[in-house]
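Trainee:
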Amino acid sequence: MNEFRLLARRDGWIMANYFLEIKHNPKRLGVYFLYLLWIGALVFNMVARYRNPTEIQAQLGSQIIGAGFTGLAAAFFLYSLYHSTLESSTFFTMGDLHLLFPTPVSPKKVLLYSMVKQSLSHIFLYSFFILALMPLILNITKVNLQHFPFLYLGFISLLLVVAPLNFLVFAIGSKYGLHRRLQQAVLALIAVFTLYLAWSIIASGDLWQGLLQGLNAPWLCYLPVIGWGKVVFMTAVTGYSAWSTIGLVLQFLFLAGCIILSYRTADDYYEDTLKATAQRALRRKQRAGIGKKRGFSPTFSRKNLSIPKMGSGPWAFLWRSKVEYSRSDFHPYLGFWALIFLLAGIAVGIFAAKGAGGLTAVYTTNGIIAYIIFFFSASNATQHELAKPYIFLIPASNLLKIVGSNLADILRMSANILALNIPLGILLKVPLPTIIIMIVFGVSFYILNLGANFLTRIIFRNTLDQKALYPLFLMLQVLLLLLPGAVVGGVLAFLFQNPALVFAGIAVVNIIIIGILLLLSNKLFARLEWT
Amino acid sequence: MLKVEGLTKKYRNIVAVDNISFTLNRGDIAGLLGPNGAGKSTTIKTIVGLLRKNSGSITVGDHPHTSRDAKKKFTYVPEAPELYDMLTVWEHLQFIAYAYDVAGFEDKAERLLERFDLWDKKDKLAKELSKGMKQKVSICCGLLPEPLLYLFDEPMIGLDPKSIRETKLIFKELSAQQKTILVSTHLLDSIENLCGRVLVLKQGKIIVDMAMEEMKRKLGNSESVSLEELFLEVTRDE
Ligand SMILES: Nc1ncnc2c1ncn2[C@@H]1O[C@H](COP(=O)(O)OP(=O)(O)OP(=O)(O)O)[C@@H](O)[C@H]1O
Ligand SMILES: [Mg+2]
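Chain order of the listed sequences is A and B. Note that my numbering gives residue 117 to position 117 of the first sequence, counting from 1, and the numbers run on in steps of one. Count along the second sequence from 1, then add 1000; that gives the number in my numbering.
1) On the CB-based measure, 16 or more other CB atoms within 10 Å of its CB, does valine 1137 of chain B come out buried or exposed?
2) Would you list the one or two residues that DSSP bridges to glycine 1031 of chain B?
3) Does ligand 2 have even one heavy atom less than 7 angstroms from the beta-carbon of aspartate 1153 of chain B?
4) Would you check if the distance between the CB atom of alanine 1016 of chain B and the CB atom of glycine 1039 of chain B is smaller than 8 angstroms?
5) Shorter than 7 angstroms, the distance from the beta carbon of tyrosine 1011 of chain B to the closest heavy atom of ligand 1, or not?
6) For a contact meaning CB atoms closer than 7 angstroms, what does tyrosine 1076 of chain B contact in chain A?
7) Taking beta-carbon pairs under 7 angstroms, can you tell me which members of the stretch 495-524 of chain A lie near chain B?
8) Taking one C-beta from the stretch 1017-1025 of chain B and one from the stretch 497-510 of chain A each time, how about it: are there three or more such pairs within less than 8 angstroms?
9) Which residues bound the beta strand (DSSP E) around aspartate 1018 of chain B?
10) Please name the residues in the stretch 102-131 of chain A whose beta-carbon is closer than 9 angstroms to at least one beta-carbon of chain B, in chain order.
11) Scan the stretch 385-421 of chain A and note each continuous alpha helix (DSSP H) run of 4 residues or more that stays entirely inside, going in chain order.
12) Name the residue from A:Ile340, A:Gly95, A:Phe170 whose alpha carbon lies nearest to the alpha carbon of serine 262 of chain A.
13) Name, please, each residue of chain A whose Cβ falls closer than 9 angstroms to the Cβ of alanine 1030 of chain B.
14) By Cβ distance, which residues of its chain are closer than 8 angstroms to threonine 1167 of chain B, with the 5 residues on each side in sequence left out?
15) What does threonine 93 of chain A touch in chain B if you count any residue whose Cβ is under 9 angstroms from its own?
16) Tell me which residues of the stretch 1044-1056 of chain B have at least one Cβ-Cβ distance to chain A shorter than 7 angstroms, keeping chain order.
17) Just tell me which of A:Pro107, A:Leu138, A:Leu153 has its CA closest to the CA of leucine 125 of chain A.
18) Let me check you understand the geometry: is the CB of threonine 1075 of chain B closer than 7 angstroms to at least one non-hydrogen atom of ligand 1?
19) Let me know the secondary structure DSSP gives histidine 1065 of chain B once reduced to three states.
20) Below 7 angstroms, is the gap between the Cβ of isoleucine 1014 of chain B and the nearest heavy atom of ligand 1?
21) Would you say arginine 280 of chain A lies against chain B (beta-carbon separation less than 8 angstroms)?
22) Within the 8 angstroms Cβ cut-off, does glutamate 1150 of chain B reach chain A?
23) Can you tell which of A:Phe193, A:Ile65, A:His83 has the C-alpha that lies nearest to the C-alpha of asparagine 139 of chain A?
24) Can you tell me which of the three DSSP states leucine 1125 of chain B falls into?
25) Could you please give me the residues that DSSP links to leucine 483 of chain A through a beta bridge?
26) Does the distance between the C-beta of alanine 1038 of chain B and the nearest non-hydrogen atom of ligand 1 fall short of 7 angstroms?
27) Please report the distance separating the alpha-carbon of serine 1067 of chain B from that of serine 1130 of chain B.
28) Going by the CB atoms, is the gap between leucine 1007 of chain B and threonine 1046 of chain B shorter than 8 angstroms?
29) Measuring only the C-alpha atoms, how far is arginine 1217 of chain B from valine 1198 of chain B?
30) Taking 7 angstroms as the cut-off, does the CB of serine 1041 of chain B come closer than this to any heavy atom belonging to ligand 2?
31) Indicate, with yes or no, if ligand 1 has a heavy atom lying under 7 angstroms from the CB of glutamate 1260 of chain B.
32) Closer than 8 angstroms by beta-carbon distance: list the chain E residues that pair up with leucine 1125 of chain B, in chain order.
33) So what does DSSP say about leucine 1151 of chain B, is it helix, strand or coil?
34) In whole angstroms, what separates the C-alpha of tyrosine 371 of chain A from that of phenylalanine 1074 of chain B?
35) Would the beta-carbon of glycine 1049 of chain B be found less than 7 angstroms away from any heavy atom of ligand 1?
36) Taking its Cβ as the centre, do 16 or more other Cβ atoms sit within 10 Å of proline 1145 of chain B, making it buried, or is it exposed?
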């Protein structure tokens, strides 16, 4: 049978089975409906927010957007280029690996088919990103919605190019044994780009001005992928010109070029994709709530560790976390992230000390951190532990088990928050009580989010539901866990005219909710299952 | 049928398979034995072409092992099967049949599913199957194309007694049809009366390659010596 037809058939069956599944279980339609609502809300937001900023605002705004796009695109592109000298990207599933790869189907054709398929499906899948970003963009500048397709394609084309390019670079590296050379070349590129930015900042004498000018330099537009993508993207902001179309065509020619070149070079690529494919399968599982999510941190593979016993029963969990973090970080509690938080604290402190808004900077930074914690909350110890049988097996009180399995994470996060707030407090001469409020706020917020993970498990037992109902769950989490604190904090702050009290209020309510959750831990635990 | 010469496979600096050579002829059933981490799966995956060899040559029926002609001649059952979550059992077999161009696969597939008690599960999605059922589907996929060479990596793990017996019976039938089988396993007693040939790997090297009979003769001279004892004897650390 024709090989492309074979693959298309397989995908046809898969699609049909998805539809059948929905037909047998129409409740799942509700989930998709929720997603649609969500997208609808985003689009509505986009249209409703649409207003005409003044010319000057729009002018500056378009510069900011242009610089933002270039900066993020360059960072993303260079990072993935670097990544591609270490590891291949994948277009395959574990099923492909075990069932398709051993068959006499030509590896080249499998590759071509899978690359094209992934690119096509990503054109639609990544739309969430752009829709979610639109309100922000609209707030900054004027967008001609008529040219929205350009904005969309400019953004998407950048994302689409990355996976095939990554594959191609790695395949060439494997084939000709060039991984090191390529890595050096990419590092050189990164250095050049960084130097260029540094030079523009120094030349203009001002950080923001320099960045804006450097990233909006006209010559950047001639760069493949980043520059071309920018030209296309900016059409919706700065207006259409022939370059928009040319840029768009060039982008897609580049993508096609990557795919065709991969097709021509790669024949013996199966081994290269094994690791990435397994990792992707794992990520899928994690999104469905099974298995450990690893935060981003550099990996040290220290093999010989000797962490002393830390007590018996539930403290074995603490010991385990300590071993894992000692292996993956510089220090079990003061890790990579503590360093980042510290640097962020110092940077914000220095900047805010120059300007006026000392306290505002403290509030904003802590607010942003809380927001980030909230967004990445579905993670870590609890999920990890709940995916394994031990937490159900180890004989100890449920309360202690919960504490034992989360303590290391809480300590780490506390260290991070301290690392952020201490330099802020010193540099900005913030009163001690305010800093203490900030720290308690951050830590309690983190603990509450850990608790929320338990609740997800209990409310949505089925892992599939957990995955599908994620937006709904976020809403619930906002309502149940965040709103009470925010209301109390808001009222307090209004009564006493002190914004620090918002944080104090939230912290107090958080602690109360945590207390209630812990009191109920026996009841909650009884409803947990190991899946 | 299968000729492996001077095969070496490294994972970065770890030498997982160290310059091994062996030849399987038509009708051979060879058991690939060895302690955990000896390199059995690595050897099989390299033959299949999932891993690249660092040196050596592998031919299947005189074709280089990654060529299309070679791939038409063998099937592979992985050690921990991963199926397509969203395909049904039957569709898996259909997919394999198309991939290997199996003529009139419906009858064969039906017979296989019946033998492994999967017939009533044929419309179930792979993600709804138990571990053992997945393993059985994977075996069926490996058997369906009726190739000349079968590469099975611990196929009997997790199977119920009936399926183990069925698998062994099938191996016997295949051998009678002059097919070649390379099967890695830890279940020594289950292959004791099955394999005519034993390959024992240890730390990436072949330390034993001989006919079962010869091996028994050499070490015990008696009928009562079991393969288990032989295995423990040859793989024992000095
Ligand atoms: N992906 C990998 N990366 C690095 N080393 C590996 C990898 N896979 C296997 N190894 C190493 O290669 C060696 C052989 O592994 P292999 O899986 O082939 O053993 P095996 O004989 O199949 O063992 P088992 O009986 O446990 O299945 C082991 O030392 C193992 O540590
Ligand atoms: Mg193995």
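Beta carbons: idealized from backbone N, C-alpha and C, even for Gly. Note that the coordinates shown come from a computational prediction; the quantities given were computed from them, not determined experimentally.
Mentor: The short version:
1) Buried: at least 16 other Cβ atoms inside 10 Å.
2) Answer is B:Val1183, B:Val1198, bridged to glycine 1031 of chain B.
3) Yes, the Cβ of aspartate 1153 of chain B comes within 7 angstroms of a heavy atom of ligand 2.
4) Yes, the Cβ-Cβ distance between alanine 1016 of chain B and glycine 1039 of chain B is below 8 angstroms.
5) Checking the Cβ of tyrosine 1011 of chain B against ligand 1 gives yes.
6) Correct list: Pro102.
7) The stretch 495-524 of chain A vs chain B, Cβ under 7 angstroms: nothing.
8) Under the 8 angstroms Cβ criterion, the stretch 1017-1025 of chain B does not count as touching the stretch 497-510 of chain A, having fewer than three qualifying pairs.
9) Start and end: 1014-1024.
10) Only Pro102, Thr103, Pro104, Val105, Ser106, Pro107 from the stretch 102-131 of chain A bring a Cβ to less than 9 angstroms from some Cβ of chain B.
11) DSSP runs (the alpha helix (DSSP H)) wholly in the stretch 385-421 of chain A: 390-393.
12) Taking serine 262 of chain A as reference, the option from A:Ile340, A:Gly95, A:Phe170 with the minimal CA-CA separation is A:Phe170.
13) Here the premise fails: no neighbours, minimum Cβ distance about 19 angstroms.
14) Ile1139, Pro1155, Met1156, Leu1159.
15) What threonine 93 of chain A touches in chain B: Glu1082, Tyr1084, Asp1085.
16) The residues in question are Val1048, Gly1049, Leu1050, Leu1051, Arg1052.
17) The shortest C-alpha to C-alpha distance from leucine 125 of chain A to any of A:Pro107, A:Leu138, A:Leu153 is the one to A:Leu153.
18) Relative to ligand 1, the beta carbon of threonine 1075 of chain B is positioned no closer than 7 angstroms to any heavy atom.
19) Three-state DSSP puts histidine 1065 of chain B in coil, outside helix and strand.
20) Remark: the shortest separation between the CB of isoleucine 1014 of chain B and any heavy atom of ligand 1 falls under 7 angstroms.
21) Residue contact check for arginine 280 of chain A against chain B: no CB pair falls below 8 angstroms.
22) The sequence shown places tyrosine at residue 1150 of chain B, rather than the glutamate named in the question. Output row for tyrosine 1150 of chain B: interface = no.
23) Looking at the Cα atoms, A:Ile65 is the closest of the given residues.
24) Reduced to three states, the DSSP call for leucine 1125 of chain B is strand.
25) In the DSSP output, where bridge partners are listed per residue, leucine 483 of chain A has none listed.
26) Proximity of the beta carbon of alanine 1038 of chain B to ligand 1 is indicated: a heavy atom of the ligand is located closer than 7 angstroms.
27) A direct Cα-to-Cα measurement between serine 1067 of chain B and serine 1130 of chain B gives close to 34 angstroms.
28) Going by beta carbons, threonine 1046 of chain B and leucine 1007 of chain B fall inside the 8 angstroms limit.
29) Their backbone Cα atoms lie some 13 angstroms apart in a straight line.
30) Yes, Cβ of serine 1041 of chain B sits closer than 7 angstroms to a heavy atom of ligand 2.
31) Outside the displayed range of chain B (1001 to 1238) lies residue 1260 of chain B, so it cannot be described from this structure.
32) The question asks about chain E, but that chain is absent: this structure's protein chains are A and B.
33) Note: leucine 1151 of chain B maps to strand in three-state DSSP.
34) Here the alpha carbon of tyrosine 371 of chain A sits roughly 55 angstroms from the alpha carbon of phenylalanine 1074 of chain B.
35) Checking the Cβ of glycine 1049 of chain B against ligand 1 gives no.
36) When all chains shown are included, proline 1145 of chain B counts as buried.
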